[in-house]
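**Student:**
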Amino acid sequence: MSDESKLSLNIGQIIVVKDPAVISTVLGSCVSICLFSPGKHFAGMIHYALPYQFDHNLDDDPLRYGDQAIPILINEVKKLTMGPSSSLKAKIIGGANCLVRASGGGFNNIGEQNIQMARDILSAHHIEVVGEHVGGEVGRKVFFYTADGRVQVASLKQSA
402 MSDESKLSLN IGQIIVVKDP AVISTVLGSC VSICLFSPGK HFAGMIHYAL PYQFDHNLDD
462 DPLRYGDQAI PILINEVKKL TMGPSSSLKA KIIGGANCLV RASGGGFNNI GEQNIQMARD
522 ILSAHHIEVV GEHVGGEVGR KVFFYTADGR VQVASLKQSA
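Position in the sequence shown (first residue = 1) + 401 = the working numbering.
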């Protein structure tokens with residue numbers, strides 16, 4: 402029997418751990434970043450919905466938006482490691498093209514925009530992306546094993 406904590410991550414949430422854990426979530430067009438420090442158990446995971454806040458008049462949770470959530474994740478994991486961002490490794494999961502919007506609004510290709518936001522911010526912080534499971538047209542179930550940075554991804558079946 403494993404002594405790893407099993408934690409469920411919901412949309413607009415962040416989980417940061419200093420002890421081994423398995424963090425799970427389900428993604429569609431949303432993106433999760435699994436951030437970890439190799440050789441240590443320090444890790445964190447975020448689940449954000451949109452690349453940025455389209456309507457700045459809304460008083461909304463910053464963890465729902467990649468441009469705000471990703472730096473928060475980086476800073477929280479850095480607090481545990483007490484090292485530079487460049488010592489961290491990342492894996493990007495999600496960003497499926499499964500949101501359809503009849504009008505040509507800001508949600509077209511939202512999955513792709515979420516993926517690009519993750520890549521841009523991680524690159525700006527000099528964090529190496531060591532794995533990706535992104536894009537496509539179906540959602541994913543994700544398990545992040547913080548003890549070693551391993552990620553297990555299962556594609557969800559598309560309904561007819």
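We treat Cβ as the ideally placed atom computed from N, Cα and C, and that holds for glycine. This structure is a prediction, so every number in the text was calculated from the model and none was measured.
So, helix, strand or coil for Val478, using DSSP?
**Tutor:** Counting from 1 along the sequence shown, the entry for residue 478 is found at position 77. Val478 falls in the helix class under three-state DSSP.
**Student:** Return the residue from the list Asn498, Ile434, Arg465 that minimises the CA-CA distance to Glu538.
**Tutor:** Residue numbering aside, residue 538 sits at position 137 when the sequence shown is read from its first letter. Here the closest residue by C-alpha is Asn498.
**Student:** Here's the rule: buried if 16 or more other CB atoms are within 10 angstroms of the residue's CB, otherwise exposed. What is Gly506?
**Tutor:** The count along the sequence shown starts at 1 and reaches residue 506 at position 105. Interpretation of Gly506 is limited by its pLDDT of 49, a score under 50 that renders its predicted location unreliable; the figure taken from the coordinates is listed afterwards. Exposed: under 16 other Cβ atoms inside 10 Å.
**Student:** Helix, strand or coil for Ala525? Go by DSSP, reduced to three states.
**Tutor:** By one-based count along the sequence shown, residue 525 stands at place 124. Here Ala525 sits in helix by DSSP.
**Student:** Which residue or residues does DSSP assign as beta-bridge partners of Val539?
**Tutor:** On the sequence shown, residue 539 is found 138 positions in, with the first residue counted as 1. Paired residues: none, contrary to the question.
**Student:** Under a three-way DSSP split, which group does Ser430 fall into?
**Tutor:** Position 29 of the sequence shown holds residue 430. In the structure shown, Ser430 adopts coil according to DSSP, grouped into three states.
**Student:** State the DSSP-derived secondary structure class of Met483, mapped to helix, strand or coil.
**Tutor:** Translated into positions along the sequence shown, residue 483 becomes position 82. DSSP places Met483 in coil when its eight states are reduced to three.
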